[in-house]
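Note sheet for the following structure.
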Amino acid sequence: MQQIFLEHRQVYGSPCIHAVLKARRVHCSRKRGVRLMQRLGLSAGRKRSRKPTTKGDPRARFALNRLNREFAAGEPNSKWVTDSKAVETPEGWLYLAVILDLLSRMVLGWAMAGTEDEQLVELALAEQRARLPTQPGPRACVPHSPLDRERGK
649 MQQIFLEHRQ VYGSPCIHAV LKARRVHCSR KRGVRLMQRL GLSAGRKRSR KPTTKGDPRA
709 RFALNRLNRE FAAGEPNSKW VTDSKAVETP EGWLYLAVIL DLLSRMVLGW AMAGTEDEQL
769 VELALAEQRA RLPTQPGPRA CVPHSPLDRE RGK
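Following our numbering, the numbering of the sequence shown begins with 649 at its first residue and continues without gaps.
Printed below as a string of structure tokens:
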């Protein structure tokens, strides 16, 4: 049990260790595994809480919500949305912005950068134009970011 705990960087708790033991055909109940781990002083590492990666500008203006939560599209290229996601890497945080067609759910363009700002979405739009130069866009593209969710928009 101690060997499995160390093999898995001291993050496996009793359920995961029990699964490994079961896969190795070693009979040990999960409750017994809990008792043995306590006796051996083995405690799984806890998942770190996510720290905020950016501070929003309180003076920033937000785009109007032109979709009004109507996420169904009747024809291709009638509604595009953007979304962004923070991705933790060994070198630091990266931000991914994607542009989606709401009808097909197809990724039309994407971009990654070290900062999350309007330029990131502009890079994704430029990538979309380079990949699909003949595909016309909708009249309006509604940006949607994690910051909008935090502010209840």
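Just so you know, even glycine gets a beta-carbon here, dropped at the ideal spot from N, CA and C.
Nothing here was measured: the structure is a model prediction, and the numbers come from that model.
Going by the DSSP bridge assignment, what does residue i pair with across the sheet?
{"i": "G740", "result": "T737"}
{"i": "A759", "result": "A745"}
Consult DSSP for residue i and reduce its assignment to one of helix, strand or coil.
{"i": "A692", "result": "coil"}
{"i": "A720", "result": "coil"}
{"i": "M754", "result": "coil"}
{"i": "V729", "result": "strand"}
{"i": "Q658", "result": "coil"}
{"i": "A708", "result": "coil"}
{"i": "H675", "result": "coil"}
{"i": "E764", "result": "coil"}
{"i": "R597", "result": "In the structure as shown, the chain starts at 649 and stops at 801, and residue 597 therefore has no counterpart that could be examined."}
{"i": "R714", "result": "coil"}
When the distance is taken between beta carbons, is residue j closer than 8 Å to residue i?
{"i": "L780", "j": "L756", "result": "yes"}
{"i": "S662", "j": "R678", "result": "yes"}
{"i": "L750", "j": "E723", "result": "no"}
May I have the straight-line CA-CA distance separating residue i from residue j, to the nearest angstrom?
{"i": "T730", "j": "L715", "result": "12 Å"}
{"i": "P706", "j": "W758", "result": "26 Å"}
{"i": "D796", "j": "I747", "result": "Caution applies to D796, whose pLDDT of 47 falls short of 50 and renders its modelled position unreliable; the model cannot decide the point."}
{"i": "A692", "j": "K733", "result": "28 Å"}
{"i": "I652", "j": "R687", "result": "16 Å"}
{"i": "A720", "j": "L768", "result": "25 Å"}
{"i": "T763", "j": "M649", "result": "43 Å"}
{"i": "L773", "j": "H656", "result": "42 Å"}
{"i": "R696", "j": "V659", "result": "12 Å"}
{"i": "D765", "j": "W741", "result": "14 Å"}
{"i": "G681", "j": "S726", "result": "56 Å"}
{"i": "M760", "j": "I665", "result": "37 Å"}
{"i": "W728", "j": "E739", "result": "31 Å"}
Strictly under 8 Å for the Cβ-Cβ distance: is residue i near chain B by that measure?
{"i": "S726", "result": "The displayed structure is made up of one protein chain only, and chain B is not part of it."}
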